[in-house]
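Colleague: Here you go, one structure.
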Amino acid sequence: MIRLAPQPMDTVDDMRHALQKAIELELSTLPPYLYAVFSIEEGANEAARSRIGAIVLEEMTHMALACNILNAIGGRPVLAQASVVPAYPGPLPYDIGGDDGEPFLVSLLPFSKKAMAQAIHIEEPEDPIKFSAGLELAPTFQTIGEFYAALDKALGTLPPEVWAAPAGSQVTDHPFFAGDLFPVVDYASASTAISRIVSEGEGTTKSPLDFEGDLAHYYRFEEIRRDRVLQKDAGKPEGFSWGPPLGVDWDGVLPVIKDPAEHDFAGDPAAQAAQDECDRAFTVLLQELERAVTGEPGRMGNAVRAMFDLRMAARVAVRTPLKGSKKSAGPAFRFRPELV
Amino acid sequence: MSVLDTPRVYFRGQMTWDPIVTNNYQAFYNLATSKPVLGTGTVADYREKARQSVTRGNWNPHGTHRSTFFETTVCGVDCGGGLRTDDALVGVPVSFTGMLVDLNPYGATTSQLFFDHVSCGIQGGSRLLARRATSMVARRLNFARNTGYTVIAGVASVVWQTSFPFPDSLSIDPHGSDVLEALARALADDDTVGLTLRMNTYRTAYFGTDAPTAQDSAELAAQIAQGGFHPNPARSMVVGVIGPWRRGEPPSVPADRVLAATENSPISTAFAKVGGGRLTVDLGNSVPETGFDLTKLDVGPLQVVATAAGGDVALGTIPYSAYDASAYAATSGLVDLDLDDAQAAAALDADVEIRDGQGVALLSEQPLTVVADTPNLYLEEGESTTVALRTFERGRTPSSPVSVTMAEIGGPLPPVQVVTGADGTVAVPVQGGRSGSWAWVLVPWRGEPPPPPAGLVPTLNEYLVLRTTPLDAHIARMEPTWANVYEQVLRDWEALAPCMDNWLRLGDEDQVVRHASLVRQLTSRDRFEDFRYMPVTRELTKGQRTLLHRWCDAVLGAPTPESLTAAEVASEQGAFGRGF
Numbered sequence: 007m008i009r010l011a012p013q014p015m016d017t018v019d020d021m022r023h024a025l026q027k028a029i030e031l032e033l034s035t036l037p038p039y040l041y042a043v044f045s046i047e048e049g050a051n052e053a054a055r056s057r058i059g060a061i062v063l064e065e066m067t068h069m070a071l072a073c074n075i076l077n078a079i080g081g082r083p084v085l086a087q088a089s090v091v092p093a094y095p096g097p098l099p100y101d102i103g104g105d106d107g108e109p110f111l112v113s114l115l116p117f118s119k120k121a122m123a124q125a126i127h128i129e130e131p132e133d134p135i136k137f138s139a140g141l142e143l144a145p146t147f148q149t150i151g152e153f154y155a156a157l158d159k160a161l162g163t164l165p166p167e168v169w170a171a172p173a174g175s176q177v178t179d180h181p182f183f184a185g186d187l188f189p190v191v192d193y194a195s196a197s198t199a200i201s202r203i204v205s206e207g208e209g210t211t212k213s214p215l216d217f218e219g220d221l222a223h224y225y226r227f228e229e230i231r232r233d234r235v236l237q238k239d240a241g242k243p244e245g246f247s248w249g250p251p252l253g254v255d256w257d258g259v260l261p262v263i264k265d266p267a268e269h270d271f272a273g274d275p276a277a278q279a280a281q282d283e284c285d286r287a288f289t290v291l292l293q294e295l296e297r298a299v300t301g302e303p304g305r306m307g308n309a310v311r312a313m314f315d316l317r318m319a320a321r322v323a324v325r326t327p328l329k330g331s332k333k334s335a336g337p338a339f340r341f342r343p344e345l346v
Numbered sequence: 062m063s064v065l066d067t068p069r070v071y072f073r074g075q076m077t078w079d080p081i082v083t084n085n086y087q088a089f090y091n092l093a094t095s096k097p098v099l100g101t102g103t104v105a106d107y108r109e110k111a112r113q114s115v116t117r118g119n120w121n122p123h124g125t126h127r128s129t130f131f132e133t134t135v136c137g138v139d140c141g142g143g144l145r146t147d148d149a150l151v152g153v154p155v156s157f158t159g160m161l162v163d164l165n166p167y168g169a170t171t172s173q174l175f176f177d178h179v180s181c182g183i184q185g186g187s188r189l190l191a192r193r194a195t196s197m198v199a200r201r202l203n204f205a206r207n208t209g210y211t212v213i214a215g216v217a218s219v220v221w222q223t224s225f226p227f228p229d230s231l232s233i234d235p236h237g238s239d240v241l242e243a244l245a246r247a248l249a250d251d252d253t254v255g256l257t258l259r260m261n262t263y264r265t266a267y268f269g270t271d272a273p274t275a276q277d278s279a280e281l282a283a284q285i286a287q288g289g290f291h292p293n294p295a296r297s298m299v300v301g302v303i304g305p306w307r308r309g310e311p312p313s314v315p316a317d318r319v320l321a322a323t324e325n326s327p328i329s330t331a332f333a334k335v336g337g338g339r340l341t342v343d344l345g346n347s348v349p350e351t352g353f354d355l356t357k358l359d360v361g362p363l364q365v366v367a368t369a370a371g372g373d374v375a376l377g378t379i380p381y382s383a384y385d386a387s388a389y390a391a392t393s394g395l396v397d398l399d400l401d402d403a404q405a406a407a408a409l410d411a412d413v414e415i416r417d418g419q420g421v422a423l424l425s426e427q428p429l430t431v432v433a434d435t436p437n438l439y440l441e442e443g444e445s446t447t448v449a450l451r452t453f454e455r456g457r458t459p460s461s462p463v464s465v466t467m468a469e470i471g472g473p474l475p476p477v478q479v480v481t482g483a484d485g486t487v488a489v490p491v492q493g494g495r496s497g498s499w500a501w502v503l504v505p506w507r508g509e510p511p512p513p514p515a516g517l518v519p520t521l522n523e524y525l526v527l528r529t530t531p532l533d534a535h536i537a538r539m540e541p542t543w544a545n546v547y548e549q550v551l552r553d554w555e556a557l558a559p560c561m562d563n564w565l566r567l568g569d570e571d572q573v574v575r576h577a578s579l580v581r582q583l584t585s586r587d588r589f590e591d592f593r594y595m596p597v598t599r600e601l602t603k604g605q606r607t608l609l610h611r612w613c614d615a616v617l618g619a620p621t622p623e624s625l626t627a628a629e630v631a632s633e634q635g636a637f638g639r640g641f
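So the protein lines, in turn, are chains A and B. Each residue of the first sequence is one higher than the one before, counting from 7 in the numbering used here. Each residue of the second sequence is one higher than the one before, counting from 62 in the numbering used here.
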């Protein structure tokens, strides 16, 4: 479970700062999840791929909802600055750490049990439901769920005049993410957005299902790691148990190195070019996203195109052998505006 | 059994529609050649013209054809005792993503949804997983569905249907769901061959608003001009029902009793079925809404009668509360009336009629009906096949053979008449003939032949549509070079489908080479029904496919020579005529 020190939520500026960090936190989850997906061999691990892919899409909507809340209280989301883009390996925003208070370092890992364990650690709720072999709880510091709960409570204290989103500052569910995004115009809509973010990520304390009747992220990653389907089980007090195999093939993975930013690509022009193209597309993605959430909603289409460009660049990168090696490197997700 | 029998699963929610509509216009697309009209221009020129046409009605040049349920859940079940909302399946998500493709892109009545599966629920929970056997087909289009909201095609509603054979296409995990257990039991019945899904889509909104303006079109055109990917999906409401598929029923179109709208009726055609001591009326496509807010038109209590020879037999009354917006959303427009034995007997053997409070008939039964097993048909030039027509008499096998007139819509060919066998079916040979698209209204009759229909009225008529793609033998014979493959095949898709830039830049030889294996797989004709078939519009000609596959094989180093037969080459010279 990841934890952070309790954050001040006394002023509007505190809340804006917290929301910016929430945006960075949602953003920081995307590269490790995408790295794992990109490393899966064509045609392999479809169940795992679709589960992680769905989680990625939900994390994107969580980030957009956090942007909507920030805009609604007069803030301005920042996505396209080196200072807000996480590096891998590196800490999560707020130096989020484990129960021991040490920063938790996130790596870019190919699809593996270790990668799933890392994702489970990121998504773990305060009190996960124990099925046959539950995970331990050590209640110190503040969980992500508690952070959002504190934010929700603080937002509820704001006077109505603070809720004044500038025209065009809200990302809606047209033309992308139908049903998953909505404008935040007041505390009620902000609170709904926060509940959605938390329930999709962690589930509830009584059920692994999120508000749509789907498994929360934490439990979907756990299914993959265990290679077991979490199934309804009326014979268990919690109503679920670990069922048949999900169909994970830990060998159905391309030979991709971990943390490509730590690799020296000097003297390897093909791999370097592949990395540059990934970084360029990622940079454009962040630049366009920032424009889309700061008054130019029409730029969301440019961000989505950049997302597809990143996907294609990553497909090339993970299939470009490193010089003198049978391994390859996935995208490092670096913000490099000099390439654009 | 049918979806009008029990057990049933009701669902409701919303659905996006994201077709490219550039090919709806003759200036952009040639139906006869199955190719975009590029002339001497470049792909960039074509795309720019398409962009400029946004303000003239082309509302989605960046479409992807994807159509996806969202906020769609199981909202109720009926195991035979009426609506229940306490079943374990209630509340689970219903997931569907298909590709919306018009067989004839110029027309409004030939839409299909190509998809791979539909599911209610998630793995590990109460779940029904249905894998596609046949694509979903649009029928009974009702262009009077909404009296107060008429934006683009927002006024219209559509009946969609598909069926899933058991056991090949169905997985059922009850996990405590009574209705799933009941469906599993029903599938053990020899008369049940699988499950049918029927849904109704209605009140389509465009540009993400209930009241799009010229400014919305201008903004979309401007967004496209500044680069990126700018689809403009519409969205509809959807209600649906899943129930047993009876042996002898066609998979893709309803074969229940048809209660047809009378002239000037404020409500549209409905379906009906008698069984299990009740009459079920499917008003899913019938009662109009009066505006964007989905309020249902109140036409007062509806009197349901069987017009028996000895006099009318009252079957029941449907009050407004049974067909208003909340009732419609709860049971997808299905209304059940309990019948006593005398009523059931009368309803089985006499025509059913629905009247308003003054006794005026609003819906009258068409006792003879006909449907095609394959209502939307694709052929290649010169190819031929057989289509089964099934006739019904008040929803059952006819008591004696039925004649069927097949009248071409808007074409010069004289009507063709066929007669069914004792089982009510007849196999009709169909030739692809020249490239293009044709449609035939199907009119069942006994006795004196009726006059040919003046045209197609989708709410009243069943019909068969045919799309024939050209052979393009000259393209098949070309050298399999990148230049030829691009110019003759890929450039067409690149021009018409800017969305392809997301997945594969068709003008980028390096990218296409990298994906040659996938391209070859997804363009194979045996993948035609697949969600991911390429091109999504199903207009790849045999000559184009041959050239493309020869090139792919050369790139992949696995030559598998393909060539057209002499007969196929000869057929391109126009030796065949379309028809039967």
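The beta carbon of each residue, even a glycine, is placed where N, CA and C say it ideally should be.
If I'm right that P294 (chain B) touches T598 (chain B) with Cβ under 8 angstroms, what's the distance once you round it to whole angstroms?
Modeller: Not confirmed; about 17 angstroms, so no contact.
Colleague: Looking at C-alpha atoms only, which residue of B:V550, B:R108, B:L525 and B:Y71 is the closest neighbour of A282 (chain B)?
Modeller: Nearest C-alpha to A282 (chain B): B:R108.
Colleague: Listed from N- to C-terminal order along the chain, which residues in the region 226-242 of chain A have their beta-carbon within a distance smaller than 7 angstroms of any beta-carbon of chain B?
Modeller: The residues in question are V235, L236, Q237, K238 and A240.
Colleague: Against chain B, with Cβ distances strictly below 7 angstroms, would N51 (chain A) count as a contact?
Modeller: It does not; no Cβ of chain B falls within 7 angstroms.
Colleague: What span of residues does the beta strand (DSSP E) with V262 (chain A) cover, start to end?
Modeller: Careful: V262 (chain A) lies outside any beta strand (DSSP E) and carries neither H nor E.
Colleague: Inspect the beta-carbon positions of D252 (chain B) and R308 (chain B) and report whether they are closer than 7 angstroms.
Modeller: Yes.
Colleague: What residue from A:R82, A:A11 and A:H68 has the CA that sits closest to R22 (chain A)'s CA?
Modeller: Checking every option, the nearest Cα to that of R22 (chain A) belongs to A:R82.
Colleague: Step through the CB atoms of chain E and report whether any lies within less than 7 angstroms of the CB of F290 (chain B).
Modeller: Among the protein chains of the structure shown, namely A and B, there is no chain E.
Colleague: Mind checking whether L363 (chain B) and I285 (chain B) have CB atoms under 7 angstroms apart?
Modeller: The answer is no: Cβ separation not under 7 angstroms.
Colleague: Does the beta carbon of V465 (chain B) sit closer than 7 angstroms to a beta carbon anywhere in chain A?
Modeller: Judged by the 7 angstroms Cβ criterion, V465 (chain B) is not in contact with chain A.
Colleague: For L521 (chain B) and E454 (chain B), what's the separation of their Cα atoms in angstroms?
Modeller: Those two C-alpha atoms are separated by around 16 angstroms.
Colleague: Roughly how many angstroms separate the alpha carbons of A42 (chain A) and Y439 (chain B), rounded to a whole number?
Modeller: About 41 angstroms.
Colleague: Distance check for V431 (chain B) and A316 (chain B), CA to CA, integer angstroms please.
Modeller: Approximately 8 angstroms, taken between the alpha carbons.
Colleague: Hey, how far is the Cα of V491 (chain B) from the Cα of L527 (chain B)?
Modeller: Distance between the alpha carbons of V491 (chain B) and L527 (chain B): 9 angstroms.
Colleague: Grab the span of the beta strand (DSSP E) containing K334 (chain B) for me, first residue to last.
Modeller: Element bounds for K334 (chain B): A331 to G336.
Colleague: For V240 (chain B), count neighbouring Cβ atoms within 10 angstroms of its own Cβ and tell me buried if that reaches 16, exposed if not.
Modeller: It counts as buried.
Colleague: Report yes or no: do three or more beta-carbon pairs, one from the region 319-337 of chain A and one from the region 254-273 of chain A, lie closer than 8 angstroms?
Modeller: Yes, they touch.
Colleague: Using the Cα positions of A338 (chain A) and L114 (chain A), report the straight-line distance between them to the nearest angstrom.
Modeller: Each residue's alpha carbon lies about 8 angstroms from the other.
Colleague: Using 8 angstroms as the Cβ pair cut-off and three pairs as the minimum, do the region 197-212 of chain B and the region 156-176 of chain B touch?
Modeller: Touching, yes, given that three or more Cβ pairs across the two stretches are closer than 8 angstroms.
Colleague: Is DSSP giving F204 (chain B) helix, strand or coil here?
Modeller: In the structure shown, F204 (chain B) sits in coil (DSSP, three-state: anything other than H, G, I, E or B).
Colleague: So, for I81 (chain B): in the same chain, excluding its five sequence neighbours on each side, which residues have a beta-carbon less than 7 angstroms away from its beta-carbon?
Modeller: Here the set comprises N121, P122, G124, H126, L557 and A558.
Colleague: For R296 (chain B), which residues in the same chain have their Cβ closer than 6 angstroms to its Cβ, ignoring the five residues on either side in sequence?
Modeller: Excluding positions up to five away in sequence, the list reads Q75, T77 and A266.
Colleague: Could you tell me which uninterrupted beta strand (DSSP E) segments, each at least 3 residues in length, are contained entirely in the region 452-499 of chain B, listed from first to last along the chain?
Modeller: Qualifying beta strand (DSSP E) stretches, in chain order: 464-469, 477-480 and 486-492.
Colleague: In chain A, what lies closer than 8 angstroms to Q75 (chain B) by C-beta?
Modeller: The answer, in chain order, is A184 and G185.
Colleague: Reducing DSSP to helix, strand and coil, say where F131 (chain B) ends up.
Modeller: F131 (chain B) falls in the strand class under three-state DSSP.
Colleague: In terms of DSSP beta bridges, what is K357 (chain B) paired with?
Modeller: K357 (chain B) pairs with B:E350.
Colleague: Kindly list, in the order they appear in chain B, the residues whose Cβ is closer than 9 angstroms to that of N308 (chain A).
Modeller: Those are Q284, Q287, G288, G289, F290 and H291, listed as they occur along chain B.
Colleague: Once you ignore the five residues that flank A86 (chain A) on each side, which residues in its own chain have a CB closer than 6 angstroms to its CB?
Modeller: Hits under 6 angstroms: L292, Q293 and E296.
Colleague: Taking the alpha-carbon positions, what's the L164 (chain A) to R202 (chain A) distance?
Modeller: For L164 (chain A) and R202 (chain A), the distance between alpha carbons rounds to 21 angstroms.
Colleague: Which residues in chain A sit within 9 angstroms of P80 (chain B), going by Cβ to Cβ distance?
Modeller: Residues of chain A passing the Cβ test: none, with the nearest at roughly 13 angstroms.
Colleague: Would you identify the three-state DSSP class for V302 (chain B), choosing helix, strand or coil?
Modeller: Three-state DSSP puts V302 (chain B) in a strand.
Colleague: Give the residues from the region 174-206 of chain B that approach chain A closer than 8 angstroms (Cβ to any Cβ), ordered along the chain.
Modeller: The region 174-206 of chain B vs chain A, Cβ under 8 angstroms: G182, I183, Q184, G185, G186 and S187.
Colleague: Where E108 (chain A) and V324 (chain A) are concerned, what is the direct C-alpha to C-alpha distance, given to the nearest angstrom?
Modeller: Approximately 32 angstroms between the Cα atoms of the pair.
Colleague: Do A280 (chain A) and A312 (chain A) have their CB atoms nearer than 7 angstroms?
Modeller: Against a cut-off of 7 angstroms, the Cβ pair of A312 (chain A) and A280 (chain A) comes out as no contact.
Colleague: When the Cα atoms are used, what is the spatial distance from A320 (chain A) to D282 (chain A)?
Modeller: Using only the alpha carbons, I get a separation of about 10 angstroms.
Colleague: For D282 (chain A), would you say it is in contact with chain B, using Cβ-to-Cβ distances shorter than 7 angstroms as the test?
Modeller: Closer than 7 angstroms: no.
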